[in-house]
Ligand code: AMP
C-alpha cells in the first residue's frame, strides 16, 4: 500500500476526496463550523509543498436532483470557497464536477481546484433518482446506473495522476469518489490522506493491539444499533460497560422492573445471549445498578433515584446514578485502553447529563493519569466530550460516525478496501 508520507507529489496532479460536508449558517450561508476543512489541510498542504497540485472533490448534503445541472444551490460547494481560501489562499472552482477536464488540464503546480458537489450527479452514490424502488423498471435502472457510475468515476480519475482519499466519514460507502475511482489508479498511485491514516491507526490500535485492561463503554439508545460492535468486542475486551437507554433491555431480560424505561422487547433474547457469551469469554460486564428516573421524557421532568431493576411504575430511567458513576469511573480510571461509544443518559437534558459527564471525566483521567489510549467515537459521545471541553484530554476523537461504527463492527469498508485491499 502506498503511504502519503513516502509519496512525492512534485509535478503530479492529485485528485483528493475530502469531506467538506460542513454545516452552514442558514441565514448567511457562511460555514458555521470549519472543523472538516481544517481536518483536510495537512494532506492538501503536503501536496502543494511537494510541488504538486490538488483537485478537491466532496459531497455536501443530500441533493436529490435528477438533472445534474439543476442541483439545489443550497448544496453548492461554491459557498465554502471563502472558508477554504482563508487557509489556502486563492483557489479555483469547477461548476460542473464531470466537465472539468479543461480546468484540470490547465491547473498549474501549486494551484488548487475545487469541484462542485459530487452528489449533484446521481452517479456519485450510484442510486437511480426519479424512479421508485417498487417500480418494475427499478432493477434495470439500477444496473444502468452502476455502469454510468463507473464512467463518472473514470471521468473524475482522468483529471489526475494520483488519487488520495481523505474522507473517512464516507469510507463505508461504495461511491464513485470514495471507492470506484480507485480502480483507475495502480497501487503506487492511490493512498489515504493523513486524516484517514490517523482514524484507521487509532481504530486498529484498539481492535488489534489494545493494552490491557481494555474497557469498552457502550451507551446510547438502542441495543439493536450497538449489538454488532458489542459482538466484535467481546473477544477483545476485559470490561464491557453498558449504559444509556439500552441498559433497560438487559435489565428486563434479567427479570428486573423497568417501569416506562426504553426497552426493545424483541431484543431480550439478544441481550441475554450477549450476557451469556460475555460470561463464557470471561468478560466483566458492568450494568448500571442505580438510575435517575423521570416521570416523563422532558428536560423539566420530576426525578427520583432507584435501583435500575426496581424502576417505579410510571417512571423511566434517563441517567445513571451515583453508585453506578463511582463503579464505572473506577473501572475506567484503571484501564489502559478505552473505547467509548454512546452517552450514559439523556445528556441533552441537564438534569440527566451527570452520568455522561462523569464518564467523560473518567475517560480523560485514564488518559492523563494512567497513560491509557482512549478512543471516543459516535456522534453523541463526541458531542458529550466536546460539551465537557475534554476533546484535548483524550487520545483520539473519531470524526467517522457511521464509518467508525462499521469499522469497529469488523466490517470491510469499501473506501478503505479500495486502497488497502481489505477482504
Ligand atoms: P445513540 O445514537 O444510539 O448513541 O443514542 C444516543 C441517544 O440516546 C441520545 O440522544 C440520548 O438522549 C439517548 N439516550 C441515552 N440514554 C437514554 C435513556 N436512558 N433513555 C432514553 N434515551 C436515552
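Numbering (the numbering used here), first residue to last: 8 to 430. By construction, the Cβ of each residue, glycine as well, lies at the ideal position given by its N, Cα and C atoms. Note that this is a predicted model, so its numbers are computed, not measured.
Residue from the options with nearest C-alpha to residue i
{"i": "residue 216", "options": "243, 229, 295", "result": "243"}
{"i": "residue 387", "options": "370, 368, 347, 304", "result": "347"}
{"i": "residue 29", "options": "18, 20, 36, 41", "result": "41"}
{"i": "residue 181", "options": "165, 156, 323, 204", "result": "156"}
{"i": "residue 223", "options": "99, 416, 13, 422", "result": "416"}
{"i": "residue 219", "options": "300, 178, 377, 257", "result": "377"}
{"i": "residue 193", "options": "95, 167, 361", "result": "167"}
{"i": "residue 407", "options": "44, 206, 134, 130", "result": "206"}
{"i": "residue 271", "options": "281, 259, 264, 263", "result": "259"}
{"i": "residue 442", "options": "318, 233, 361, 340", "result": "Since the first residue shown for the chain is 8 and the last is 430, residue 442 is missing from the structure and cannot be characterised."}
{"i": "residue 300", "options": "152, 349, 293, 268", "result": "268"}
{"i": "residue 114", "options": "316, 209, 55, 241", "result": "55"}
{"i": "residue 303", "options": "325, 404, 341, 360", "result": "325"}
{"i": "residue 367", "options": "341, 344, 395", "result": "395"}
{"i": "residue 37", "options": "75, 22, 85", "result": "85"}
{"i": "residue 14", "options": "49, 57, 362, 316", "result": "57"}
{"i": "residue 321", "options": "11, 329, 309, 327", "result": "309"}
{"i": "residue 354", "options": "239, 195, 251", "result": "251"}
{"i": "residue 75", "options": "102, 91, 59, 245", "result": "102"}
{"i": "residue 351", "options": "307, 211, 296", "result": "296"}
{"i": "residue 277", "options": "254, 293, 191", "result": "254"}
{"i": "residue 162", "options": "293, 131, 73", "result": "131"}
{"i": "residue 18", "options": "44, 116, 237, 361", "result": "116"}
{"i": "residue 289", "options": "305, 241, 279", "result": "241"}
{"i": "residue 151", "options": "49, 142, 135", "result": "135"}
{"i": "residue 183", "options": "198, 169, 164, 200", "result": "164"}
{"i": "residue 323", "options": "237, 256, 33", "result": "256"}
{"i": "residue 32", "options": "87, 141, 16, 413", "result": "87"}
Element boundaries [alpha helix (DSSP H), containing residue i]
{"i": "residue 345", "result": "Per DSSP, residue 345 belongs to no alpha helix (DSSP H); it is in the beta strand (DSSP E), 344-348."}
{"i": "residue 411", "result": "409-415"}
{"i": "residue 286", "result": "275-287"}
{"i": "residue 110", "result": "108-113"}
{"i": "residue 313", "result": "Segment 310-314 is the beta strand (DSSP E) holding residue 313; no alpha helix (DSSP H) there."}
{"i": "residue 99", "result": "Run containing residue 99: none in the alpha helix (DSSP H); it sits in the beta strand (DSSP E), 99-101."}
{"i": "residue 261", "result": "That residue, residue 261, is in no alpha helix (DSSP H); it is neither H nor E in DSSP."}
{"i": "residue 442", "result": "Nothing about residue 442 can be reported from this structure: the residues present for the chain run from 8 to 430 only."}
{"i": "residue 235", "result": "230-240"}
{"i": "residue 91", "result": "88-95"}
Close beta carbons around residue i, own chain, < 7 Å, minus the five adjacent residues each side
{"i": "residue 70", "result": "78, 79, 82, 124, 126, 127"}
{"i": "residue 365", "result": "332, 336"}
{"i": "residue 340", "result": "369, 372, 373, 377"}
{"i": "residue 61", "result": "21, 23, 51, 54, 55, 119"}
{"i": "residue 231", "result": "271, 274"}
Cβ-heavy atom distance, residue i to the ligand AMP, below 7 Å
{"i": "residue 329", "result": "no"}
{"i": "residue 73", "result": "no"}
{"i": "residue 335", "result": "no"}
{"i": "residue 257", "result": "no"}
{"i": "residue 232", "result": "yes"}
{"i": "residue 350", "result": "yes"}
{"i": "residue 413", "result": "no"}
{"i": "residue 296", "result": "no"}
{"i": "residue 147", "result": "no"}
{"i": "residue 229", "result": "yes"}
{"i": "residue 269", "result": "yes"}
{"i": "residue 387", "result": "yes"}
{"i": "residue 299", "result": "no"}
{"i": "residue 353", "result": "yes"}
{"i": "residue 325", "result": "yes"}
{"i": "residue 251", "result": "yes"}
{"i": "residue 407", "result": "no"}
{"i": "residue 58", "result": "no"}
Same chain, Cβ closer than 6 Å to residue i, neighbours up to 5 away in sequence not counted
{"i": "residue 25", "result": "47, 63, 65, 173, 174"}
{"i": "residue 428", "result": "none"}
{"i": "residue 382", "result": "209, 213, 346, 403"}
{"i": "residue 328", "result": "297, 298, 299, 312"}
{"i": "residue 330", "result": "296, 297"}
{"i": "residue 226", "result": "250, 251, 349, 350, 351"}
Cβ-based neighbour list, residue i, same chain, cut-off 8 Å, excluding 5 preceding and 5 following
{"i": "residue 430", "result": "419, 424"}
{"i": "residue 185", "result": "24, 172, 174, 177, 178, 421, 422, 425"}
{"i": "residue 138", "result": "144, 145, 148"}
{"i": "residue 317", "result": "263, 264"}
For residue i: DSSP bridge partner residues
{"i": "residue 270", "result": "According to DSSP, which records beta bridges pairwise, residue 270 is partnered with nothing at all."}
{"i": "residue 293", "result": "248"}
{"i": "residue 404", "result": "383"}
{"i": "residue 170", "result": "22, 197"}
{"i": "residue 317", "result": "264"}
Span of the beta strand (DSSP E), counted from its first residue to its last, around residue i
{"i": "residue 214", "result": "It is not in any beta strand (DSSP E) - residue 214 instead sits in the alpha helix (DSSP H) that spans 201-215."}
{"i": "residue 324", "result": "323-327"}
{"i": "residue 351", "result": "Segment: none, residue 351 is in no beta strand (DSSP E) and carries neither H nor E."}
{"i": "residue 62", "result": "60-64"}
{"i": "residue 119", "result": "119-122"}
Cutoff 8 Å: residue i Cβ touching any chain D Cβ
{"i": "residue 31", "result": "The displayed structure is made up of one protein chain only, and chain D is not part of it."}
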